[in-house]
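Quick mapping for you: the protein sequence lines, in order, are chains A and B.
Letter by letter, the first sequence follows residues 3 to 344 in the working numbering.
Letter by letter, the second sequence follows residues 3 to 344 in the working numbering.
Each residue gets a CB set at the ideal place from its N, CA and C atoms; glycine is no exception.
Data block below; observations after.
Number of protein chains: 2
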Amino acid sequence: MAHTLEEIAKLAGVSRSTVSRVINDHPNVRPEVRERVWQVIREVGYQPHAAARSLATNRTQVLGLIIPQAVTTLFTDPFFPHLIQGMAEACNAHRYHLMLSLFTGRTDQESLYRRVLRSGTLDGVVVASTTLDDPLIPRLLQEKLPFVSVGRHREAAVSYVDVDNVAGARQAVEHLLRQGHRRIATVTGPLAMMAGRDRLEGYRQALEARGVPVDDALIAEGDFTEEGGRMAMQRLLPHRPTAVFVASDTMAVGAMKAIKEAGLRIPEDVAVVGFDDLPVASIVEPALTTVRQPIERLGATAVEVLIGLIEQQAEAPQHIILPTQLVIRASCGALSGSRGLE
Amino acid sequence: MAHTLEEIAKLAGVSRSTVSRVINDHPNVRPEVRERVWQVIREVGYQPHAAARSLATNRTQVLGLIIPQAVTTLFTDPFFPHLIQGMAEACNAHRYHLMLSLFTGRTDQESLYRRVLRSGTLDGVVVASTTLDDPLIPRLLQEKLPFVSVGRHREAAVSYVDVDNVAGARQAVEHLLRQGHRRIATVTGPLAMMAGRDRLEGYRQALEARGVPVDDALIAEGDFTEEGGRMAMQRLLPHRPTAVFVASDTMAVGAMKAIKEAGLRIPEDVAVVGFDDLPVASIVEPALTTVRQPIERLGATAVEVLIGLIEQQAEAPQHIILPTQLVIRASCGALSGSRGLE
DNA sequence: GGCGGTTTTGGGAGCGCTCCCAAAATCGCC
DNA sequence: GGCGATTTTGGGAGCGCTCCCAAAACCGCC
Numbered sequence: 003m004a005h006t007l008e009e010i011a012k013l014a015g016v017s018r019s020t021v022s023r024v025i026n027d028h029p030n031v032r033p034e035v036r037e038r039v040w041q042v043i044r045e046v047g048y049q050p051h052a053a054a055r056s057l058a059t060n061r062t063q064v065l066g067l068i069i070p071q072a073v074t075t076l077f078t079d080p081f082f083p084h085l086i087q088g089m090a091e092a093c094n095a096h097r098y099h100l101m102l103s104l105f106t107g108r109t110d111q112e113s114l115y116r117r118v119l120r121s122g123t124l125d126g127v128v129v130a131s132t133t134l135d136d137p138l139i140p141r142l143l144q145e146k147l148p149f150v151s152v153g154r155h156r157e158a159a160v161s162y163v164d165v166d167n168v169a170g171a172r173q174a175v176e177h178l179l180r181q182g183h184r185r186i187a188t189v190t191g192p193l194a195m196m197a198g199r200d201r202l203e204g205y206r207q208a209l210e211a212r213g214v215p216v217d218d219a220l221i222a223e224g225d226f227t228e229e230g231g232r233m234a235m236q237r238l239l240p241h242r243p244t245a246v247f248v249a250s251d252t253m254a255v256g257a258m259k260a261i262k263e264a265g266l267r268i269p270e271d272v273a274v275v276g277f278d279d280l281p282v283a284s285i286v287e288p289a290l291t292t293v294r295q296p297i298e299r300l301g302a303t304a305v306e307v308l309i310g311l312i313e314q315q316a317e318a319p320q321h322i323i324l325p326t327q328l329v330i331r332a333s334c335g336a337l338s339g340s341r342g343l344e
Numbered sequence: 003m004a005h006t007l008e009e010i011a012k013l014a015g016v017s018r019s020t021v022s023r024v025i026n027d028h029p030n031v032r033p034e035v036r037e038r039v040w041q042v043i044r045e046v047g048y049q050p051h052a053a054a055r056s057l058a059t060n061r062t063q064v065l066g067l068i069i070p071q072a073v074t075t076l077f078t079d080p081f082f083p084h085l086i087q088g089m090a091e092a093c094n095a096h097r098y099h100l101m102l103s104l105f106t107g108r109t110d111q112e113s114l115y116r117r118v119l120r121s122g123t124l125d126g127v128v129v130a131s132t133t134l135d136d137p138l139i140p141r142l143l144q145e146k147l148p149f150v151s152v153g154r155h156r157e158a159a160v161s162y163v164d165v166d167n168v169a170g171a172r173q174a175v176e177h178l179l180r181q182g183h184r185r186i187a188t189v190t191g192p193l194a195m196m197a198g199r200d201r202l203e204g205y206r207q208a209l210e211a212r213g214v215p216v217d218d219a220l221i222a223e224g225d226f227t228e229e230g231g232r233m234a235m236q237r238l239l240p241h242r243p244t245a246v247f248v249a250s251d252t253m254a255v256g257a258m259k260a261i262k263e264a265g266l267r268i269p270e271d272v273a274v275v276g277f278d279d280l281p282v283a284s285i286v287e288p289a290l291t292t293v294r295q296p297i298e299r300l301g302a303t304a305v306e307v308l309i310g311l312i313e314q315q316a317e318a319p320q321h322i323i324l325p326t327q328l329v330i331r332a333s334c335g336a337l338s339g340s341r342g343l344e
């Protein structure tokens, strides 16, 4: 049975303003009054009405996660549950709620953007998985709603949290080079996305730093799905790479399938390195050498930056890059079952 | 720049009541007035303020998903992202928002329950993954907040949506029996959960229907994690089963690891059947024969039942059981790579 | 006790919407 | 045109909270 603040005031023998001051931790309430009010609150199990608070304060304590792409192609990527886990924990720790907004197609997008961004429902949003031409970020800038992008963004005004995709990819390719490989292919992420581009850039940098010429025939674009990885690998195999850096673990699973279907062995005929260190990396056979990105920490950091933007009204955009780490397994450079870090 | 309903009324030359009647599709507005108001709304990009509507109507258009267990042990199970995907799409289709409430431990649980259930934030909740002794469902009944359980529940007053765990498990074990197996083990889910119990019941029923005695030494309880599955399988192997029904794909991955670590072959030495048909079922080697449960449809159905409870004020609890389907792969009864349905 | 300064308290009003009921307008019939 | 019935419209008030400012209370000093 819901109680109102006025009822608590009556039960405690004070005014509604005093009750408000108590629950919002304002000064200028005598300690014995404060304690009396808290006692009534505890006995009654009073919980303030969220909408009333929101209408009065213009704050909701709710953060949104917006994933603009079609859920059938992206949300089944295990990256997102881990991101959400990190975000949910950070929200809980700061007494915020997390609301999911997943878009299922372009047809309803404008209507859903308007509903989500303009109804006063959210204090701010975390945006994940935008393409470079997605209208969402200009829209958010226009609405003046605080937001943080998960993934690097070109606009200086955009706060973002990302991992060091360039350095991570470079590390992966350097590992292949140290293993003696010179004919190294890559399955990129979508080049319409910044992560896709950055991981390709790391691949290039590693080759060029060792004076290995970059061969466009050894570059095939994937779409971050397992099937896309398999098809991209099929396009690369006629060019006889001895190794491949695949820009996500999910695509690496597909690439490994293509290699095996061609009757080739991993790592003897084609060594494979992925990117993410999803749980599937240790389930496939041979277990996948990959670049670990701290996905949960990415989500948690995005939430913390966003809360900072909301509560401090900070003007300066923040750019945070988290480190990656190479995890060596059997697909390249380790004995079966071992778990080496570099 | 947010506009108020009063501003729209001024611009359209009508009262606030007329604007309210227009946006809420009430009768008794002249068509030309209605069109004039919509034109102003479109030009201005007006979106009603959610908190104000909520305060006036006692409705939020927000549904919660509550997963009471610690996220570090359950949310990484791929069952949940698929459930969420189905829910999110159903919410979008009905113009509701989906809010996630993940609990990170028992210490903050009471506080978070109170905040989530008593602040007027949610119109209703979907509850997933409760144990039989979890206080959440009695709490929800007490609060009178509409809710739907994902997973069968013993209380007749509880609406739920589930798959036919008993029949699915029976189907899996019947498949093993048809393959000639008689020494069939099982890794159960947690027996504190209804799904854990129902899948064990299906295992029992299939054996008893063929006059095969149930041997308790061939039953080991797991906890729905990969590691739990591996350890349960290690306990079963000394009893020399020729086949095993594992109550989830995630645990089956662990069981397969234990079998291989013991130097045994799948399916020649030990045949394996899982439950879920998660994506990992076709990634492991050999690919896993498993019982497919329509997880997305489970989520979508739960949302639809819940919206029905909220909007129709239905008094009668609903119990919906979705069918399962056996998917035959190489871990038991199929040639490598084929995808047979039965 | 009186005074000035500071702390504490209470009540009005506003946040942006919905609903109710009385007033105004319209309609159809005679 | 008048009448009764029906439709349309507008303004007050309420939803539950926060904030502001005036009033009341308290404190310390002379």
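Which whole-angstrom value describes the C-beta separation of residue i and residue j, a residue pair presumed to lie in contact below a C-beta threshold of 8 Å?
i              : j              : result
R331 (chain B) : F277 (chain B) : R331 (chain B) to F277 (chain B), Cβ: 13 Å. No contact.
E210 (chain A) : V216 (chain A) : 7 Å
V275 (chain B) : L193 (chain B) : The Cβ separation is near 19 Å, so there is no contact.
Q49 (chain A)  : R141 (chain B) : Going by Cβ atoms, the distance from Q49 (chain A) to R141 (chain B) rounds to 13 Å, so no, they are not a contact pair.
L104 (chain B) : I69 (chain B)  : 5 Å
F81 (chain B)  : I297 (chain B) : 6 Å
V42 (chain B)  : A4 (chain B)   : So it is not a contact: roughly 15 Å between Cβ atoms.
Which same chain residues end up closer than 8 Å to residue i when comparing Cβ atoms and leaving out the 5 residues on each side of it in sequence?
i              : result
K12 (chain A)  : none
M101 (chain B) : V64, L65, G66, L67, T123, L124
N60 (chain B)  : G122
L147 (chain A) : L119, L124, G126, V127
D271 (chain B) : T244, I261
I'd like to confirm the pairing. Which residues does DSSP put opposite residue i in its beta bridges?
i              : result
H99 (chain A)  : A:V64
G276 (chain A) : A:T292
F149 (chain B) : B:V127
L328 (chain B) : B:V293
L104 (chain A) : A:I69
T2 (chain A)   : As shown, chain A starts at 3 and ends at 344. That puts residue 2 (chain A) outside it, with no answer to give.
H321 (chain A) : A:Y162
Going along chain B in order, which residues have a C-beta closer than 8 Å to the C-beta of residue i?
i              : result
T188 (chain A) : Ordered by position in chain B, no residue passes the 8 Å Cβ test against T188 (chain A), which lies about 22 Å from the chain.
I309 (chain A) : In chain order: nothing, as chain B lies at least about 17 Å away.
F82 (chain A)  : P83
P50 (chain A)  : S121
Q257 (chain A) : The sequence given here places Ala at residue 257 (chain A); Gln does not occur at that position. Residues of chain B passing the Cβ test: none, with the nearest at roughly 12 Å.
Give me the Cα-Cα distance between residue i and residue j, rounded to the nearest whole angstrom.
i              : j              : result
T133 (chain A) : M195 (chain A) : 5 Å
S151 (chain B) : S161 (chain B) : 6 Å
Q327 (chain B) : V175 (chain B) : 13 Å
D225 (chain A) : V31 (chain A)  : 59 Å
P243 (chain A) : P269 (chain A) : 12 Å
I323 (chain B) : T20 (chain B)  : 45 Å
G256 (chain A) : V189 (chain A) : 11 Å
R237 (chain A) : I261 (chain A) : 11 Å
E112 (chain A) : L308 (chain B) : 26 Å
V73 (chain A)  : E91 (chain B)  : Low per-residue confidence applies at V73 (chain A): pLDDT is 49, beneath 50, and the placement is therefore not dependable, though the value from the model is reported in the following sentence. In a straight line, the C-alpha of V73 (chain A) is about 9 Å away from that of E91 (chain B).
H241 (chain B) : L220 (chain B) : 7 Å
E348 (chain B) : R156 (chain A) : Nothing in the structure corresponds to residue 348 (chain B), since chain B is present only between 3 and 344.
Can you list the residues of chain B that residue i reaches, using a CB-CB cut of under 7 Å?
i              : result
P215 (chain A) : Per Cβ cutoff of 7 Å: no residues; P215 (chain A) is ~35 Å from chain B at best.
E287 (chain A) : E287
T244 (chain A) : Going along chain B, no residue has its Cβ under 7 Å from T244 (chain A), so there is no contact; the nearest lies around 23 Å.
Apart from the five residues just before and just after residue i, which ones in its own chain have a Cβ nearer than 6 Å to its Cβ?
i              : result
A264 (chain A) : L239
G172 (chain B) : It should be pointed out that residue 172 (chain B) corresponds to Arg in this sequence rather than to Gly. Only G204, Q207, A208 meet the Cβ criterion.
G301 (chain B) : L85, G88, M89
R23 (chain B)  : V31
F247 (chain A) : A174, V175, T188, Y205, V275
V165 (chain B) : Q295, L324, T326
Check the Cβ of residue i against every Cβ in chain A and list those closer than 8 Å, keeping chain order.
i              : result
Q327 (chain B) : Chain A residues near Q327 (chain B): none, gap ~19 Å exceeds 8 Å.
R117 (chain B) : Q49, R97
With a threshold of 7 Å on Cβ separation, who are the neighbours of residue i within its own chain once the five nearest residues in sequence on each side are excluded?
i              : result
V35 (chain B)  : V16, T20
G191 (chain A) : A197, G198, R201, G224, F226, A249, S250
Does at least one heavy atom of the ligand MG sit under 7 Å from the Cβ of residue i?
i              : result
G122 (chain A) : Absence of the ligand MG from the depicted structure is noted, as is the absence of any ligand whatsoever, leaving it without description.
Listing by chain order, which chain B residues have their CB less than 9 Å from the CB of residue i?
i              : result
F101 (chain A) : A small fix is needed here, since residue 101 (chain A) is Met in this sequence, not Phe. Going along chain B in sequence order, the residues near M101 (chain A) (Cβ under 9 Å) are V64, H99, L100, M101, L102.
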